[in-house]
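Visitor:
In my numbering, the protein residues as written are 687 to 1241.
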């Protein structure tokens, strides 16, 4: 079989204007970025009188080196729905250059369930990531310039909480010193970089409903404290207008297509392990307005991406998901059952029975939000009949539908069974969606609720500094917002080595930060980093461009 990038490069793409026509759009609704990409006008939401379509979230078990294929199943499900005559639109996140050149490589689906043009989507796309980076760093520059020019706001340079960003994995930038070189270069202080996709600017983009809301949220960003301990906001520096101006194009969702020309809207890309893990509210709402079925995804396992999708995105977007698909592979479940990576191709029902508890917990997690569940087993050639039957029997015992999905190898055809089961589930089990906790509760109480209910922890341990930060936020009266937990994606716990369904553990909270513009509180647990590093052998080492412009090794 061809490689993913070869499949993508052989795709017969339609002009994006033709793809737009499938969902009733005209060229006037588009801002073209070449032949196969376009920005969508925000006027579409007001112009379209159609009732919103159903919303399907695709999530997964905790990821493993064995692979799960959540984005691939998301794309394949959209293709399959269209193939059986349904009007479906896919809504995805934009890839970050950090993981593209780090461990993961490309992030646009896989096999015969991909979005294209794949190279563009994985690299600069329509420039959204660069706009977010520039917007963030304009604010950072304004903070240091204000101090240098006299510091009328009396900003305490020791208590600046807003960091610079870069859309690249670069551990050397986690903790730095700026302002070196004498008086002309400003004041000497400690600083650091976060990866762009974990920035508050990214979160604000993904949680805003229009440009003016975006600007208002920018103004609310807490940037520092003054010498009296009082908060200093972005609006005090008077740059929120300039920041919104930089984002005037980036706020518009991007339209592309799948390998079989199904419409796909790709916009925003916060990580789920260190940010809230969902594409923009605007993209999802636009997809729901254009299609009868919207298929979207949230990053990593249901304990991260799905929880944040429900408790943050749905809360702010007024969204009500109709169904959730949990993606798993037999290989990954065997890994959760203790099988080494080089032994995953061997039949091992016993290990599968141990590892399936991770799937069990993620099913329970979704059910806590009162949304119906379908399990999608992303099929690998090594899966045996006995292993498949074990998973089917397990899901039946839990009262949920399960589909053996082959979209990677067969595209739409391999997802028809999943599509039909998702439709049947939505028809017979109406969603009664509700959030996990009330935002008005205290910070520690909300963290405890997530840790106990979703992760299965016995409780939470706060460092002294984290407790002090909680008290400070509550004293400001800015605590009545959702929680965004930064946690390892590899385990239900905050310890990446605890696979399966760990018990008897406590979650360690080391830092609590207010993202006042985004409207949530970030809670850092374990050893999680907001600026990843490159691995020993980065994916970039395998990438190249040939004389004729052809890209190799990207995916």
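Note that beta-carbon positions come from the ideal geometry of N, C-alpha and C, so glycine has one too.
Shortest alpha-carbon distance to residue 720 belongs to which of 1159, 905, 803, 799?
Guide: Per the Cα distances, 803.
Visitor: By how many angstroms is the C-alpha of residue 955 removed from the C-alpha of residue 744?
Guide: Their Cα atoms are separated by approximately 15 Å.
Visitor: To which residues of the same chain is residue 927 closer than 8 Å at the C-beta, ignoring the five residues directly before and after it?
Guide: Excluding residues within five positions, the ones whose Cβ falls inside 8 Å are 901.
Visitor: Using alpha carbons as the reference points, say which of 1236, 1132, 939 lies closest to residue 1198.
Guide: Residue 1132 is the option with its Cα nearest to residue 1198.
Visitor: DSSP state of residue 960, grouped into three classes?
Guide: Three-state result, residue 960: coil.
Visitor: I'd like the list of long-range same chain contacts for residue 1137, defined as Cβ closer than 6 Å, with 5 residues on each side in sequence excluded.
Guide: Once the five neighbours on either side are set aside, the close Cβ partners of residue 1137 are 1143, 1146, 1193.
Visitor: Report the residue from 723, 728, 722 whose alpha carbon sits nearest the alpha carbon of residue 715.
Guide: Residue 715 has its Cα closest to that of 728, out of 723, 728, 722.
Visitor: Can you check whether the CB of residue 1238 is closer than 8 Å to the CB of residue 1206?
Guide: Their beta carbons are not under 8 Å apart, which means residue 1206 does not touch residue 1238 by this criterion.
Visitor: Tell me whether the segment 1008–1017 and the segment 1214–1224 touch, counting them as touching only if at least three CB pairs, one residue from each stretch, are closer than 8 Å.
Guide: No, because fewer than three Cβ pairs between the segment 1008–1017 and the segment 1214–1224 fall closer than 8 Å, the two stretches do not touch.
Visitor: Thinking C-beta only, is residue 1203 closer than 8 Å to residue 903?
Guide: Going by C-beta atoms, residue 903 is nearer than 8 Å to residue 1203.
Visitor: One question on the structure: do residue 850 and residue 877 come within less than 8 Å of each other, judged by their Cβ atoms?
Guide: Against a cut-off of 8 Å, the Cβ pair of residue 877 and residue 850 comes out as a contact.
Visitor: From the DSSP output, in three-state form, read off residue 1054 for me.
Guide: Three-state DSSP puts residue 1054 in coil, outside helix and strand.
Visitor: Which term fits residue 1172, buried or exposed, when burial requires 16 or more other beta carbons within 10 angstroms of its beta carbon?
Guide: Buried.
Visitor: Along the chain, where does the alpha helix (DSSP H) containing residue 1108 start, and where does it finish?
Guide: Its alpha helix (DSSP H) spans residues 1102–1114.
Visitor: Measuring alpha carbon to alpha carbon, tell me which residue in 763, 1107, 945 is nearest residue 691.
Guide: Minimum Cα distance to residue 691 is reached at 945.
Visitor: As an exercise, report each continuous alpha helix (DSSP H) stretch of at least 4 residues that is fully enclosed by the segment 705–780, in chain order.
Guide: Listed in chain order, the complete alpha helix (DSSP H) runs (minimum 4 residues) inside the segment 705–780 are 730–733, 756–769.
Visitor: According to the neighbour-count rule (16 or more other Cβ atoms, all chains shown, within 10 Å of its Cβ), is residue 1223 buried or exposed?
Guide: When all chains shown are included, residue 1223 counts as exposed.
Visitor: Which residue or residues does DSSP assign as beta-bridge partners of residue 1246?
Guide: Because the chain in this structure spans residues 687 to 1241, residue 1246 falls outside the shown range and cannot be described.
Visitor: Grab me the residues of residue 819's own chain with a C-beta within less than 6 Å of its C-beta, minus the 5 sequence neighbours each way, in chain order.
Guide: Cβ neighbours of residue 819 beyond the five flanking positions: 851, 853, 882.
Visitor: Sorted by chain position, which residues of the same chain lie with C-beta nearer than 8 Å to residue 1043's C-beta, five sequence neighbours on each side aside?
Guide: The residues are 1022, 1186, 1187.
Visitor: Should residue 1107 and residue 1075 be called a contact, given that it needs their Cβ atoms to be closer than 8 Å?
Guide: Cβ distance not < 8 Å, so residue 1107 and residue 1075 don't count as in contact.
Visitor: Quick one: using the 10 Å Cβ neighbour count with 16 as the cut-off for buried, is residue 712 buried or exposed?
Guide: Under this definition residue 712 is an exposed residue.
Visitor: If you follow the alpha helix (DSSP H) that residue 819 is part of, which residue opens it and which one closes it?
Guide: Residues 814–834.
Visitor: How close, in whole Å, do the beta carbons of residue 1013 and residue 777 come, if the pair is a contact with beta carbons under 8 Å?
Guide: That pair is no contact at about 16 Å.
Visitor: For the putative contact between residue 775 and residue 977, defined by C-beta atoms under 8 Å, what is the C-beta separation to the nearest angstrom?
Guide: Correct: roughly 3 Å between the Cβ atoms.
Visitor: What is the C-beta distance between residue 841 and residue 912, in whole angstroms, given that I count them as a contact (C-beta under 8 Å)?
Guide: The pair is a contact, with the Cβ atoms about 6 Å apart (cut-off 8 Å).
Visitor: Roughly how many angstroms separate the alpha carbons of residue 771 and residue 737, rounded to a whole number?
Guide: Residue 771 and residue 737: Cα-Cα distance of roughly 19 Å.
Visitor: Determine the closest residue to residue 708 out of 922, 864, 1181, 949, with distance taken between C-alpha atoms.
Guide: Per the Cα distances, 949.
Visitor: Taking all protein chains shown into account, decide if residue 1155 is buried (16 or more other Cβ within 10 angstroms of its Cβ) or exposed.
Guide: The residue in question, residue 1155, is buried, as its Cβ has 16 or more Cβ neighbours within 10 Å.
Visitor: Which same chain residues end up closer than 6 Å to residue 734 when comparing Cβ atoms and leaving out the 5 residues on each side of it in sequence?
Guide: Correct list, in chain order: 975.
Visitor: Which complete alpha helix (DSSP H) runs does the segment 996–1060 hold, if anything under 4 residues is left out?
Guide: The segment 996–1060 contains these whole alpha helix (DSSP H) runs: 1016–1022, 1035–1053.
Visitor: Which residues in the same chain as residue 829 place their Cβ atom closer than 8 Å to its Cβ, once the five residues preceding and following it in sequence are excluded?
Guide: Taken in chain order, the residues that qualify are 841, 846, 848, 909, 910, 923.
Visitor: Would you say the segment 754–771 touches the segment 795–812, given that touching needs at least three Cβ pairs under 8 Å?
Guide: Touching, yes, given that three or more Cβ pairs across the two stretches are closer than 8 Å.
Visitor: Which residues does DSSP pair with residue 1231 in a beta bridge?
Guide: According to DSSP, residue 1231 bridges with 1237.
Visitor: Taking the CB atoms as reference points, tell me whether residue 1020 and residue 1041 lie closer together than 8 Å.
Guide: Result yes, Cβ atoms of residue 1020 and residue 1041 sit closer than 8 Å.
Visitor: Alpha carbon to alpha carbon, what distance is there between residue 817 and residue 1159?
Guide: When rounded, the distance between both Cα atoms is 30 Å.
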